[in-house]
Structure formats: structure tokens, C-alpha cells
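>
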Amino acid sequence: MEQLNNIGASLDFYIFVSIALFSIGAIGVLTRKNMIVLLMCIELMLNAVNLLLVTFSTFFGNGEAQIFVFFIIVVAAAEATIGLSILIMAYRNSKSIDIEMFNKLNG
Amino acid sequence: MDALIIIFVTGLIGLFVGMLKNSRLTLAVISVGLIAGFVSMYHINDYQSMFQSYQGLQFSRTQHMFALLAIALTLVSVLLGYTYFKEDEEHTSDYYGLMLFSLTGALCLIGFSNLFMFFLGLEILSIPIYVLVGIQKGNALASEASVKYFFTGSFATAIMLFGIALVYGSTGSFEMNEIQMAIDMGIMKSPMLNIGVLMMMAAFLFKVGAVPFHFWGPDVYQGSSNAVMAYMASVVKLAALFAFVHFFNFTFHSVTPFVSGIILFAIVVSLFLGYLSALKQTSFRRMMAYSSIANTGFALFAVLNQQYGEASLWIFMIGYACSTIALITINMIVEKETDDIANWKGIGYSNPFIGITLVISLLSMSGIPPFTGFFGKYLLLSSAFSNYLPVVILAIIASLIGAYLYIRLMVLSLSKDGEGHKLSINPTQTIVLTLSLVGILGGWLVLLIK
Amino acid sequence: MGKDMLLLTLIALPLIGAAINGILGKRLPKILVGSLATIMVFISFLLGVTLFSGINGTTIVHLFQVAKFDDFTLDANFQLDSLSIWMTLIITGIGSLIHLFSMGYMSHDEGYHKFFTYLNLFIFSMLLLVLGSNYFVLFFGWEGVGICSYLLIGFHYNDAEKGIANSLAARKAFIMNRIGDAGLLFALFMMLNKFHTLEFVEIGKMITASPELYTGIAGCITLCLFLAATGKSAQIPLFTWLPDAMAGPTPVSALIHAATMVTAGIYLTVRSNFLFELAPTTKDIILVIGIATTVVAAFIAMRQNDIKKVLAYSTVSQLGLMFVALGMGAYTVALFHVTTHAFFKALLFLGSGSVIHAMSDEQDIRKMGGLSKLTPITHITFLIGTLAITGFPFLSGFYSKDEILAHAWMSSPIVYGILMVAVTMTAIYMFRLYFLVFHGSFRGGEKLKSHVHESGLSMTIPLMVLAVLSVFGGILNLPGIFFHNAGHWMSTFLESTTYGLNQIKPEHMDGSQSIILMCIASAVALTVLAWAYITYVKNQAIAKEDADMNVWEKLSSNKLYIDEIYQTVFVQPILWLSTTLAKQFETRVLNNGIFRLTSAIEASGNYTRKWQSGFLASYLFWMVMGIIGFISYYIIKSTFWN
Amino acid sequence: MELIFLPLILGIIAFFVPTKWVRPFGLLASLSILAVSIVHLMNFHATDYVMLFNPAEAFPLGLTFKMGYDGLGLVMVLLTNAVILLILLANYNRDIASNAKFTGLTLLMQFALLGLFTSLDGILFYTFWELALIPIFLILYWFGKQDNNRALFKFFLYTLLGSLMMLLSFIALGYFSPSYSYFQLVQANFAGKEVAAALIMGGILFAFSVKIPLFPFQTWQAPTYTNAPMAGTMLLSALMLKMALYGMIKWMIPIGFEGLVYLKWPVITLGGIGIVYGAIIAMKQKDLKTLFAYASISHLGLIAAGIMIFSLSAIEASMIQIINHSIVAIGLFLAAGIIEDRLQTRNIEDLGGIAKVAPHFGFWFAVVTFISVSVPFTAGFMGEFILIKELFTAHWVIGLTAATTLVFGAVYMLRAYQGSMFGPSKMTVFADLTWNEYAVFAILAIAAVGFGLYPQIIIDFIKPSIKFTQELMSGDLTLTK
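Respectively, the protein sequence lines represent chains A, B, C and D. In terms of my numbering, the first sequence opens at residue 1 and continues consecutively. In terms of my numbering, the second sequence opens at residue 1001 and continues consecutively. In terms of my numbering, the third sequence opens at residue 2001 and continues consecutively. In terms of my numbering, the fourth sequence opens at residue 3001 and continues consecutively.
(1) Over the uninterrupted alpha helix (DSSP H) stretch that includes residue 3110 of chain D, give me the two end residues.
(2) Which of the three DSSP states is assigned to residue 1290 of chain B in this structure?
(3) Any idea what DSSP makes of residue 97 of chain A, helix, strand or coil?
(4) Ignore the nearest five residues each way along the sequence and tell me which others in residue 3152 of chain D's own chain have a CB closer than 8 Å to its CB.
(5) In chain C, what lies closer than 9 Å to residue 30 of chain A by C-beta?
(6) May I ask you to list the residues that DSSP assigns as paired with residue 1283 of chain B?
(7) Answer yes or no: does any C-beta atom of chain B fall closer than 8 Å to that of residue 3130 of chain D?
(8) Here's a check: name, in chain order, each residue in its chain whose Cβ is nearer than 8 Å to the Cβ of residue 2440 of chain C, leaving out the five neighbours to either side.
(9) By alpha-carbon positions, which one of B/1356, B/1029, B/1147 ends up nearest to residue 97 of chain A?
(10) Closer than 7 Å between beta carbons: that is the criterion. Which residues of the stretch 2578-2607 of chain C meet it against chain B?
(11) Does the pairing of the stretch 3237-3248 of chain D with the stretch 3325-3334 of chain D give three or more beta-carbon distances under 8 Å?
(12) Pull up the distance between the alpha-carbon of residue 2350 of chain C and that of residue 2340 of chain C, whole angstroms please.
(13) Looking at C-alpha atoms only, which residue of B/1378, B/1027, B/1296 is the closest neighbour of residue 1238 of chain B?
(14) Compare the C-beta of residue 1324 of chain B against all C-beta atoms of chain C and say whether one is closer than 8 Å.
(15) Who are the neighbours of residue 2066 of chain C on chain D, taking C-beta pairs under 8 Å?
(16) For a test of the three-state rule: what should DSSP assign to residue 2499 of chain C, helix, strand or coil?
(17) Does any residue of chain B have a CB that is nearer than 8 Å to the CB of residue 34 of chain A?
(18) Is the stretch 2567-2583 of chain C touching the stretch 65-83 of chain A in the sense that three or more CB pairs, one from each, lie closer than 8 Å?
(19) For residue 3329 of chain D, which three-state DSSP category applies?
(20) Mind checking whether residue 3336 of chain D and residue 3346 of chain D have CB atoms under 8 Å apart?
(21) Inspect the beta-carbon positions of residue 1954 of chain C and residue 2241 of chain C and report whether they are closer than 8 Å.
(22) Can you confirm whether residue 3054 of chain D, when its beta carbon is compared against all beta carbons of chain B, has any partner nearer than 8 Å?
(23) Is there at least one Cβ from chain D nearer than 8 Å to residue 2477 of chain C's Cβ?
(24) My output table needs one value for residue 2540 of chain C: the three-state DSSP class, helix, strand or coil.
(25) Can you have a look at residue 2163 of chain C and say buried or exposed, based on whether 16 or more other CB atoms are within 10 angstroms of its CB?
(26) If I measure Cβ to Cβ from residue 3301 of chain D and keep anything under 6 Å in the same chain, skipping five residues before and after, which residues do I get?
(27) Rounded to a whole number of angstroms, what is the C-alpha to C-alpha distance between residue 2303 of chain C and residue 3374 of chain D?
(28) Got a sec? Which residues, its chain only, sit under 6 Å from residue 3480 of chain D by beta carbon, not counting five neighbours each side?
(29) Looking at residue 1080 of chain B: is its Cβ nearer than 8 Å to the Cβ of residue 1329 of chain B?
(30) Which residue marks the beginning of the beta strand (DSSP E) containing residue 2059 of chain C, and which one marks its end?
(31) Should residue 2614 of chain C be flagged as near chain A, meaning a C-beta pair shorter than 8 Å?
(32) Give me the Cβ distance between residue 2006 of chain C and residue 2050 of chain C, rounded to the nearest whole Å; I'm assuming they're in contact under 8 Å.
(33) So residue 1063 of chain B is in the alpha helix (DSSP H); what residue range does that whole segment cover?
(34) So, does the stretch 1185-1204 of chain B touch the stretch 1157-1171 of chain B, judging by three or more C-beta pairs under 8 Å?
(35) Verify whether the separation of the beta carbon atoms of residue 3465 of chain D and residue 3387 of chain D is less than 8 Å.
(36) Listed from N- to C-terminal order along the chain, which residues in the stretch 49-77 of chain A have their beta-carbon within a distance smaller than 7 Å of any beta-carbon of chain B?
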């Protein structure tokens, strides 16, 4: 009960943190050219979401969100694997992992 | 629910059967599985299923219709892909497996009743597609396409999740009806909810490929193979659009009026950008990608239509998907080393069956009666007519440009120069063309069923 | 056989003849074709005579109802009364004579059967015109004769050198007539809207019942009717087609452009007398135009060198004279002149035809001369015709002209004066023509002279018959002063049964005055005769060449430049408009405008494509931009809209 | 129902008929269809309203697939079948007739037209309206000049734009009437919403005026005609344009009557302009087909203006004129086609003296020319007579404008005829008419004279159906002003 109130008092703080995390990830996605870094930035965004969800679940005091977080972690893992494999394939085709290299398809 | 499992298991079996390197057998197994799934989905309410207790998936009447359509379209895409897949001896079954897994995702996305199922469906739908797009290992374009699709896609996923989190934060539940109740209680003005909804909408717009989240479309469609593109253009778009409409017609229906401005903007820009950019394309698949952006613009009218939205969307999608599949099949038949539109010159004149098919599908695309494409557009526009007249008029003008696009293709492919230039059509392709013709000609008759 | 059956057969016979000739004419021998056509017309003439003998009052024959509209019906009815039967007699009588003449005249033509088909068709439509009991049927005939005249003027359309000219003349005639027809149509419309019927008798009844109701509309209607009349009867301003119409074969000129069709306008006016009586203004206009036409035409005729052109302009002038009569309300007088004019003008044309035939298609009088010995019969008959038209005492023309002049004198001396000038001019050009053709020395060269020969019987018989008629035609309507009981037989006959005419009593003047007038007229004729004889026979004067003409002669020989004026005022502007519209508006504005638009739309695709740069970074950037846009939309909306 | 679907079935069969049997097949097919329609005529009484397909229950979104015909519809049905037969007959000695595609498309076209003339449901009407566009488009594209894409696109997009406007209007009509059934649409009440009605009817009118074409929308016509094959031109001008005029009479006037007060005079004015404009441009045209195209602009302007008068006799007259125009169109374009076949040119200046070489052709061309300048004894005269009268009654200025067609018509038609037929002969050999061309001309002439002497036969069919429509419309409104 006590704990819940603390959370309630500082809920905004958690939200801001996760928003900040999310934005950092997004900005990273926008600015970086290295695909691996991009991948990590996206992971970062997902983790921001996780944090947010956990915060809310504690705030509402029901476990659903935390289960959801597990889902997200699993999916994130799957995505990471797929992403890395795609990355490797792309590297095979054009000896580079710089996204600037991929602009044959345009117009 | 049974259908889901049948399809998923069929996918697994398919993977194993694939080891026998017998493409016919694999196709047979997959098709049987899909048909079985279709049947069980058709009779979903007629028998007591052992998974009845599970509440995560519930198929109302419209959801039921959409699920059936999704399975049918997958079957068609599988048949369409057959000739292409079997060339790749090693991984023939991978295509089928991935498609079927993605179909399970699509079914979840259609039948979901809480955000868990929704999110899982979305991911199960998307991840196999990332693979399918890039499955041609040696192909640089394919890998580029899949890279672009993967990164934009996962970025959109992140946004979607953030939106979900915010919605959960403001409503305190993952159950659709509870969320709806909570919103209707009167928190529809709360910033957190609205921003969450807007973020989810952004992700949706990405999935359905509408402006300004459409960029992946042309590149991915061009980079991927015909079969995969057909699947994406039909099933993926269908599932995503349905989820979009479902959210904004039921769960968020009290927020929808507030965000309608954005949707109208997306509609108009998608329509014009899609058709105008398509005018100047030389690659067929790229042109189809742009036209699919424009068609998405039409489909988005369903989001604004609380009453008939889903029904109209169904009719529209059956018309759009069938014509797209037919055209892609024809493109497969005519495609030489590139998918240049010039290959189409005169094919329709010398091959009557192809000619009739492409004429009908193109006319249906350009919204000329009595084809399903027309009725779809008609339903969407007529319901939007009273509230959003200016947008409807803009849409009409855009569809005129679209008609110009399609008629130009029709004229090209019907030109007499193709005299005597015969094409060989495989039986599966014939089946696909016939099925899609049935869809185009007869799809709208569903209107008459009470 | 009842009256109505007789009438219908009378109308049908020429049509049947036309049908037979048209279908089988090619295979039949020429003599059969010609005689069939002639006999058909002649039989209907005989039928006409029988009907004429038994005429009493007005009989309407109902054939069938053409169409029934919500507030009026259109019927194919025929009317049998003195006026219509009189015209019928003229048409069929003279028609059969001219058919006979054509059998000889056209004998060398390859389009023989076609010619007679057209002639019969013409007779048929002319009969429709005069026998119809309402303006609707009349209009059918009206247009029908127009078509036939078109076909017959352009009969030699594929002639090597004159083919184009012929067909152009035909076109001109048709189009000018079409202008007149438009007028007639509008008259019909106004009548339909006012009276809801087109039957002569019913309209007449309504008007006589309450004239004051219709004075206003009658003015408009009569003006339109008169426009139509100017078209058919070649009055100013629509008279220029008639001289060109001489491109047709001579019998055609005789039948259509002298005896019958051109008098349709007079017939129309007489028919609608009850309307014209309500419209004094129109009558004045008619009077003025009639006078103008008669003078102008006579003036032009004086220096024409084509034998047929002279006769054509004299026809126009005579028609003008008739319209003068109409303008003064002397309907029967006009009809009397129509009759006599039909006699002597047909005679003159046929005579000229015989001359042309003899001269092997040479029409220029400067090449003729001294034909009196070579073609005696033609000479005599032509002389009679000339005397008749110049109003030589006690010939038919003398009486009819004298009637008109008398009325003119009573209406106003000025009109009389002008008419006298016209009459004098008529005498001058007719005698000039006669003397230049038949007297003096032959100017056509020896080679031509050797071919000159008198025409065959089939051509001379009509000449003689018509000559007789032109001499004694006056008996029909002798002035009262000589024979009080037989006087004005024709006028009384016409007035007796024709609707409306019996209200209008043109008074006949007392003896002394009329005798004076007659003396003046004959004096004029005789003096001119003497003068012409001296000029052309004694002094052997021949027609001047254009070079040494004075202004007046130039004006006359160039037809007052009226054709040129019309060309510049009406034709050229329209053609210019046509080209300009087609080039500027149609092509440049409409057509290219559309294509500009489409190409602009197509080109805009190139710009929209640019957005799709192909760089993943930009895609992600725009996605973020989108979200930011959404959120800002939310912020703005939530702050300002509630 | 067989009336509608026989052409469809035969048309589909036609695609698979072996080449040497195609000509007789096409002829027999159209004959049988005509026979069927004549059977319908036999059991028809002028006051009937024959329902071909009349589902009892209403479908969602106001779709009622009602089909049927009254006198008006039946006249158009007969006209269509007769004209198609004549077109196939006229082409019988040409290569095009032995092309399975052509015959099939023509029969499909017939199907669409019959559907249009018998549909009693708004959406159905629109459907057939669009459907008719496709076969003609393919005919023009496949059998027209090779380099005709531009003209073709102009034609297609122009008409498509029109029909999209029409679609908008029909969607809007859905808000004023419980269903799209013709009878309920006619009873739709716009009282107090005249402007809305005017806008809706404006949309429909736009589609019609593109098809007719009314004055500013005619730019697609001339190039399309000149590029089209003879048969295509005939189909276009003898049948497709009539769709629009029929639509005006049957759909536009009864449904949107309240709104038409705003449209009446604009349309009449445009029609009047069209009459003069078409005639004046036709005067200097060198290409026979172009000339006839502008001539038909002039004629149809008259008909359209007449229809907008709304008076009973005007509409009867315009029906007569519609039939007459079909006759004229077939005749003139057949003549042009014959000249083009024999001499490979349509330019008047290169022609001349044909009548001397080919007298029969000369004669029949003359007959058609006279029919088209609407002299008495032909249907055209009756039509123009009443139409101009009605226009004159409405306002004397428009009457005067319309009457210019009498003179101008004579000017350009005679110029065309004399320029090509008269004068010194410019060619040595010109094959005279073949039996089928002869037959077509003869039939046309007989029809024209027949209707010209007894137009009552048409009026008897039209009048009851117009009256019936008047009764359908709410009481205070009637067609006669």
C-alpha cells in the first residue's frame, strides 16, 4: 500500500524516464547509420515500453502488464534474431552494414 | 481457434514434408491443411470446440467473414506461388511454412479480443514476412527490401507498443471491451489516451501502408517476389486494415471523431500520391505498390464509417485483393528477367484468357461496374458521402487518375502488336486466375445475402 | 367514281408515273418513258377538267391523320375549290405540254428517264402544294417542289465544263428557298400556337368570326408568309437564284421557273388572303417590294446577252408585277396575270429552247440573228409570245397587265407611273431580244449556220398550242366595259368559291378611264416596237461588248452587282467564322486545353516520386515527422476546438 | 429476361466461332435478337409496364434489381436491335465482320444497351451505362486507326469523368429516396431542396452532356469518329448518344424535376449554341466523317434543347428525332465508309464525280443527304418541325436559332454531297454498291419515309409512358410546364 502510494506520487517521473528512453532510442534510429546500432536503438525503445508497462502495472496493481512485458521481451528476442540474420544476408550481398548503402530501390 | 491450430500444425507438417523435395506433395498437404482450416473456420459456430473456453479469440460475424477471406486468399497466394517456389528446391516448404505461420498471425489479428492477442497477432503476422521478403539470398534488391522493411517495421512495432502502453496506462486494462468502457466513461479527452491512440494509429497506418508511413511499400513490393507480394497485398493488408477498423469503430469509437482529421488527410494524400507516382513507374510491382497505397486510401474510408465500415471493407478488399492477385499472376506469366511493364505489350490480344482476366481486373480496379471493385468503392464512398463530401469528391477525382493508370495498362496489353505471341500458363496459375475472376465478378453478390 | 377519288387519282397519277420511270426507266425505250410521263400528266389534266366542270363550293377530302399532338393534329387533307382546281389546270395543262416538248428536247440526253421521273415528281409535289387543304400539306408540296427544282437545275451535274456551275446554281436555289421555307415554318408555328389548326377554312372562319382578335398576330404571320413567298417567287431580296436556275434544261426553266413553281408564292398569298386583309402594313411592304422587284429586274434584263437570262429576269419582273397586284388586294387580278403569264412565258421559254436546240446549245444572242427564215414556226410563236408579254393590244398579256395598271392607277398615280416605266422597259428588252435573235444577219458563223434547223413536231405542237393560248388567253377575264355579261368571268369564278376572296371586292372602274389607260399601254407597246425595229433591223445595231458600255449599261449587264454584295456581306463572314472557330476555339482552346491538363497531371508524378528517396533514414525520419505531426495536431485541436 | 441475356450469351459464344462462320453467325444472332424483341412488341399494349425482373424484397443499400420496359423503353430496345442488325449487315462485305472479336463485342454492346434501356434501378442504370463503354472502347481500339490512342484516351476519360459525376449524383439520390427503384426515385420529393436537386441533376446531366455531346464537351467526338472504324462510328452515333437522350427523358426529368428549373434554360442555351456552332464548323470541314460529326453535334443540340422544354409534344418529337438521327447516322457513315473503302480517302477535295461512275451509290447517298437535311416525307422533318415549334413557343430567340439548322444543314450537307459526288469525275473506277449496302440504304430510306409519313406510330408508344411517369411524379408537377 505504502509502496503503491510512492509509485503514485512519482508516477510522472517513471513516465518521463521511459519517454526519455524511447526518444533516445528513436533519435538513435534516426541518426545512426550502422545497422547493428539501429537494432540496439530499437531494443532500447522496446525496453522503454517495458519500463512504462511495469510502472503502470505497479500503479494499477495488476499483473497483466508484467505478463505483457514478457511477451514483449520474447518478441524482441525473435525480432533481434530475424534482424541479425537479415543483416548478415544484406552484408553478404553488399559487403557493408551501412544503411546508406541501400538505396537501389527508390523513385 | 481450431482453424488457427490446424493451420499452424499444417505449417509445421509442411516444413517436414518439404524435406521429401516433392513440391507437388508439399503443395497438396498445404492446400489440404488450408482447406481444412477454412472448413473448420466456416463451421466455427456449428460445433462444440474443445478450445471454446479460450476468450482471447472471438469471431463475431464480420470477423468470421474476414477470417474466411484471409484463409481463402492465402490459399490462392499459395497456389500462385507454387510455380515460383518449386524452382527453389531447398526451401520450397519454407515459403509455405512461413506463409501459414503469418496467416495464423493474421487470424489472431482478426479475431483478437484483447491487446495480448492483438500484439502477438501483429508480430506473428509481420516477422515471417520480414523473412519472406528477403528469402532470395543472392538477390541484392531482396535483401535491401527486407532490411528496409525490417527496420521500419520494428520501429513501427515499438511505436505501437508505446501506444499500447499509454492506452493501458490510461484505461488500466488490456481487454478490448473494458478499454472501450473505460474510454466511454469519459476519459476520452485525457492526453495520455489520445497520444496513445495516435501512436497506435501511426503504427496502423504503417502496417496498411498509408501516407506518411507508406515508404516501405514500393521498395518492399519491388524487392520481394511476386508470390510474397501477392500475399502481402492481400492477406497482410486485409488483416491490418481489419484491426485498424475494428479498433477505431469499436474500441476507440468515441475518440475516432476527434482524430478523423488525420485519417482524412491520410486518405487524400495517399490517394493522390499513390496514383500520381504510379503513373510514372516502369517496374510493374512498384506500380502496383503505389496503386495499393492509393487503394489503402480508399479503404481508410471504412475507419470513418461506424455503421457499415467492416462490411464495406470486406467487399472492397475482396475486389482489390482478387484483382491484384490476378494481375500479379499475369505479371508472373509475362515476367522476363525484369518486371518491366513493357513486357505486357499485346499479351491480352493474343491470349484471350489472360486478356479477359486482365481487362476485368483492371476495370474492377478502376471502379467500373458491375465488378466487385466498383461496389467496394461505392459502399465506402456512399457511406462517407454525407459527412465528408469534399473528401469524397477528391477521391472521385483521384480515382479518375487511377482509371487513367489502369486503362493505360489495359490499352498497352491489348495492343495488336502482340499478335501471335502466345504465353504458356500452368494449371495452378489458371486456377488462380479463375478463382480471382470468380471473386471479382461474384464477390459483390454477398451483398444480396441477408 | 366520286369527287374525292377523282382528286386522289389526279394527285397520285404523276407519282405513279415517277415511280414506274424511276424504277424501270433505264430498261424501257425512251419513247415509252416520255409518253408514259406525258400521258400521266395529261390524264390528270383531263381529270382536273372534269372536276372543274363539276365544281361547286369547297370540298375537303380527308386522306389520313399524320400525327396527333397534345394540342393540335396534323392531317393529310386535300381541298377542292375553284382556286386549287384553277392552279391544277394550269399546272397539269402546261405541264403536259412541256412534257411533250421535253420528249423532243431531251431526246439526246442519257439521263432521259431520270429527267421525266423528276418532272413527274415535280408535278406531284406541285399538286400537293395547290390542292392541300392546310398549310402542313402545302409545306410538303412547297419543299417537294424545292427538291425537284434542285434536282432539275443540277441535272447536268457531271457535265465536263459546266457541271460544277450547274450544281452550284442548284445549291444556291435550294438554300435560298430554304431561307424562305424557314419563314413559312415560323408562320405555321404562330398559326399553330394561335389557332391550334392549319386548315385554311377553319382559320378563315375564326378570323372572320372575330377579326379584331387577330390583327396583331396576323401582321407577324403574313410577314413570315411573304418571306416564304419572296423565296419561292424570286422577289427582292431572295431573287438572285432564279437567273442562275437557268442552268437547268430549258423545259425545266419553262415549267418550274416560269409557269408554275415560281407562282407558288402568289398562290400562297391568295390562299391566305383573309390573313393579309388584316395586315395592311404587310400589304404595303408587298406593294413596295413588288414594285422594286419589277423595276430592278426589268432594268437588269435590258442588257443581258444570254437568251434565257433575259427571259429569267423578265419572269422576275412579271412576278413583281403580280405582287404589286397582291399588295393592292387585287388577288384575282394577280391570278389572272399568273395564268396569262404562264401561257406566254412558257411559250417564250419553249421558243428559246427550240432556238437553243436549233443553235446546238448556243445561248448567246450575240451569235444569233436572222433565224426567222431558218426556224419559221419558232419565229412566229416567239413573236406572238413577245407581243403578248409587251402588252400588245388584245393579246392575253394586254388584258392582265391592264387590270393591274388600272388598280395601280386607282391606288396612286405614282405607282402607276413607276409601273409604266417597268412596262416600257419590258417592251424594250423583249423586242431587243426578239429582233436580235430572229432578224438581222446570222452572227454565229457558217459552220453553226449549217446545223440550224426547225425542231420536230413534239416540240412545235406545244409551241403552237401555247401561242393560241397566249393570243386568246385574255378572254378568260375580259374587262367589263366591252362585254358586260361576260366581263371578269374568271374573277367571279374564283371569288365565288374561294374562301375569303368573296369578302374582298376589287372595284372595277368606269369605261372612259380604263379606255384611256388601255390606249396609253398599247401606245407604249407600239412606240417601243417601232423604235426597236428601227434600231435593230434598220440600223442593224447589235449588242455592245462590255468595253464600250456606259455606266448604266454596265450596271444592267452586271446585274447591279447584287451577287457580289451578297457574297461579301453574308457568305464570306460565315465561312471565315467557320474556319476561325474550328482552328482557334475547337482545336486550340478545347482540344489542346484538355491535353495540357492531362500531361500536367502525368508530369506531376515525377515530383511525387522524388519523395521516395530510397534512403532508410529519410523513411524513418518521415515516420517520426508523421508522429510529431499527429501529436501537434492533437495539441492544436485540443487547445483550440474545445 | 431472354431479351437481355440472349445478346450476352450469343456475344460470348461469338468469340469462339470459327472465322469462316462469323459473318453469318453475327447476322443470325442479331436477327434472332430482333425477332425476340418483336415478339415482345407483339404482346405489348401501349399502356403496359412490362417487368422483366422484379424481386419482391429489397436488398441492402437500396439496391433493387428491377428491370422492365414501358413504351419508351420498348421503342429504344427495338431501335437498338434494328440498328445493331443494320450495322452488322452494313459491314457484312468487310473484313471486320469476319472477326470474331468484333462480332462478339458488338453483341456485348447490344447487351449493355438493352440492359440500360430496360433497367429500372438507379445503380443498375449506372452499371449498364458504364458497361456499354467497354465494348465500344475495345472496338475503337482494335479496329480503329493504329495511332489513335490519344483520341481514345480523351474519349474514355471524358466519358468516365462524366459517369463518376453521375455516380456521385446517384449516391446523393440515395439520401432522398428509400431505394434506388426507379419508381421510388421518381417519387423522391425535393420540395424545399430545389438547389440540392439541381446539383444532383447537374451531376447526371454532366454525364449525359458529355455523351451527347452538348456544346462545350464535344471535343472528344470528332477525333474519335475519324479514328474509329465505320462500325464503331455507327455504334457511337447511332446508339451510344441515344443512351444519354433516353436518360434525360426517362431518368433526369422525372426524378429531379424540382431542380431542373435551374438547369432548363442553361441546357437549352447550350443546345442552341451547339446547333449553330456545329453547323458553322461543319461548313468548312474537308473530312467527310469530321463534317458528319459536327453535323450530329448540331442535330443533337436541337434534340437536347427540345427535351429540356419538358412539353409532351416536345418529348414525342425528340423521340422521333432520336430514331431519325440513328437512321441518318448509319446512312451517312456508311456512305463515308464506302467512299473510304473504295478510294482510301475521305477528303472532299480529292473526291468528285462519283455519281457518274457509281449511279446507285450516288442516288442512295442523295436520299440519305435529303433525309439528313430533314425534307418533308422523312422522319427528320416531323421531328424538327415539332421541336423547333416547341422551342419557338418557349422563346422566339431560341426558335430562331434552332431554325438556322434548316438553312445551315442544307449548306453543309449539300456541300459534302456535291463535293464528293458531282463535278467532273476524278477517279476512273468506283465499285458500285454491294447487295448488303444496297439493302441497308433501302431499309433506312423506307424507315425514314415511313416514320415521316406516319409518325403517329411512334407517338402512340411514347405518350402513355410519359403520362404514366407524370402520374408517378407528385401531383402538382407535370411534364407540361
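Glycine is no exception: its CB is placed at the ideal position from the N, C-alpha and C atoms. Bear in mind the structure is a predicted one, so any value in this text is a computation, not a measurement.
With the given structure in hand:
(1) On the fourth sequence, position 110 is the one that residue 3110 of chain D refers to. For residue 3110 of chain D, the enclosing alpha helix (DSSP H) begins and ends at 3100-3118.
(2) Taking the second sequence and counting its residues from 1, the one referred to as residue 1290 of chain B is at position 290. Of the three classes helix, strand and coil, the one that applies to residue 1290 of chain B here is helix, per DSSP.
(3) Here residue 97 of chain A refers to the residue found at position 97 of the first sequence. Coil.
(4) Taking the fourth sequence and counting its residues from 1, the one referred to as residue 3152 of chain D is at position 152. Hits under 8 Å: 3137, 3140, 3141, 3144, 3224, 3227.
(5) Here residue 30 of chain A is taken as the residue at index 30 of the first sequence, counted from 1. Per Cβ cutoff of 9 Å: 2617, 2620, 2621, 2624.
(6) Here residue 1283 of chain B is taken as the residue at index 283 of the second sequence, counted from 1. Within the DSSP secondary-structure output, residue 1283 of chain B pairs in a beta bridge with B/1340.
(7) Position 130 of the fourth sequence, counting from 1, holds the residue named residue 3130 of chain D. Residue-level contact check: residue 3130 of chain D touches chain B, since one or more beta carbons of chain B fall below 8 Å from its beta carbon.
(8) Residue mapping note: residue 2440 of chain C aligns to position 440 of the third sequence, counting from 1. Same-chain partners within the cutoff: 2369, 2370, 2536, 2537, 2540, 2542.
(9) In the first sequence, residue 97 of chain A corresponds to position 97, counting from 1. Among B/1356, B/1029, B/1147, the Cα nearest to that of residue 97 of chain A is on B/1147.
(10) Taking 7 Å as the Cβ-Cβ cut-off against chain B, the residues of the stretch 2578-2607 of chain C that qualify are 2601, 2602, 2604, 2605, 2606.
(11) Because the criterion of three Cβ pairs below 8 Å is met, the stretch 3237-3248 of chain D and the stretch 3325-3334 of chain D touch.
(12) On the third sequence, residue 2350 of chain C is found 350 positions in, with the first residue counted as 1. On the third sequence, residue 2340 of chain C is found 340 positions in, with the first residue counted as 1. Each residue's alpha carbon lies about 15 Å from the other.
(13) Within the second sequence, numbered from 1, the residue matching residue 1238 of chain B stands at position 238. Of the candidates B/1378, B/1027, B/1296, the residue whose Cα lies closest to the Cα of residue 1238 of chain B is B/1296.
(14) For the purposes of this step, residue 1324 of chain B is taken as residue 324 along the second sequence, with counting starting at 1. Using a CB distance cut-off of 8 Å, residue 1324 of chain B does not count as an interface residue toward chain C.
(15) Looking up residue 2066 of chain C in the third sequence gives position 66. Going along chain D in sequence order, the residues near residue 2066 of chain C (Cβ under 8 Å) are 3382, 3453, 3454, 3455, 3456.
(16) As a working note, residue 2499 of chain C is residue 499 in the third sequence. Correct three-state label for residue 2499 of chain C: coil.
(17) Mapped onto the first sequence, residue 34 of chain A falls at position 34. Closer than 8 Å to the CB of residue 34 of chain A there is not a single CB belonging to chain B.
(18) Contact fails: fewer than three Cβ-Cβ distances are below 8 Å.
(19) Numbered from 1 along the fourth sequence, position 329 holds the residue referred to as residue 3329 of chain D. Looking at residue 3329 of chain D - three-state DSSP - the assignment turns out to be helix.
(20) Indexing the fourth sequence from 1 puts residue 3336 of chain D at position 336. Indexing the fourth sequence from 1 puts residue 3346 of chain D at position 346. Yes, the Cβ-Cβ distance between residue 3336 of chain D and residue 3346 of chain D is below 8 Å.
(21) In the structure as shown, chain C begins at 2001 and stops at 2642. Residue 1954 of chain C is therefore absent and cannot be evaluated.
(22) For the purposes of this step, residue 3054 of chain D is identified with residue 54 of the fourth sequence, where counting begins at 1. False, the Cβ-Cβ gap to chain B never drops below 8 Å.
(23) Taking the third sequence and counting its residues from 1, one reaches residue 2477 of chain C at position 477. By this cut-off, residue 2477 of chain C is not an interface position.
(24) For this step, residue 2540 of chain C is matched to residue 540 along the third sequence. Three-state result, residue 2540 of chain C: coil.
(25) Your numbering for residue 2163 of chain C matches position 163 in the third sequence. Buried is the call here.
(26) On the fourth sequence, position 301 is the one that residue 3301 of chain D refers to. Cβ neighbours of residue 3301 of chain D beyond the five flanking positions: 3271, 3274, 3275.
(27) Along the third sequence, one-based indexing puts residue 2303 of chain C at 303. Along the fourth sequence, one-based indexing puts residue 3374 of chain D at 374. Their backbone Cα atoms lie some 40 Å apart in a straight line.
(28) Here residue 3480 of chain D is taken as the residue at index 480 of the fourth sequence, counted from 1. Reliability of the predicted coordinates at residue 3480 of chain D is poor, the pLDDT of 36 falling under 50, and no value is obtained from them.
(29) Taking the second sequence and counting its residues from 1, the one referred to as residue 1080 of chain B is at position 80. Taking the second sequence and counting its residues from 1, the one referred to as residue 1329 of chain B is at position 329. For residue 1080 of chain B and residue 1329 of chain B, yes; Cβs fall inside 8 Å.
(30) Numbered from its first residue, the third sequence carries residue 2059 of chain C at position 59. Where residue 2059 of chain C is concerned, the enclosing beta strand (DSSP E) stretches over 2059-2069.
(31) Start at 1 with the first residue of the third sequence, and residue 2614 of chain C comes out as number 614. Answer yes: the Cβ-Cβ gap between residue 2614 of chain C and chain A drops below 8 Å somewhere.
(32) The residue given as residue 2006 of chain C occupies position 6 in the third sequence. The residue given as residue 2050 of chain C occupies position 50 in the third sequence. Right, the Cβ-Cβ distance comes to about 7 Å (below 8 Å), so this counts as a contact.
(33) Counting from 1 along the second sequence, the entry for residue 1063 of chain B is found at position 63. Counted as a single uninterrupted DSSP element, the alpha helix (DSSP H) harbouring residue 1063 of chain B occupies residues 1061-1085.
(34) Touching, yes, given that three or more Cβ pairs across the two stretches are closer than 8 Å.
(35) Position 465 of the fourth sequence, counted from the first residue, corresponds to residue 3465 of chain D. Position 387 of the fourth sequence, counted from the first residue, corresponds to residue 3387 of chain D. Against a cut-off of 8 Å, the Cβ pair of residue 3387 of chain D and residue 3465 of chain D comes out as no contact.
(36) The stretch 49-77 of chain A vs chain B, Cβ under 7 Å: 49, 52, 53, 56, 60, 64, 65, 68, 71, 72, 75.
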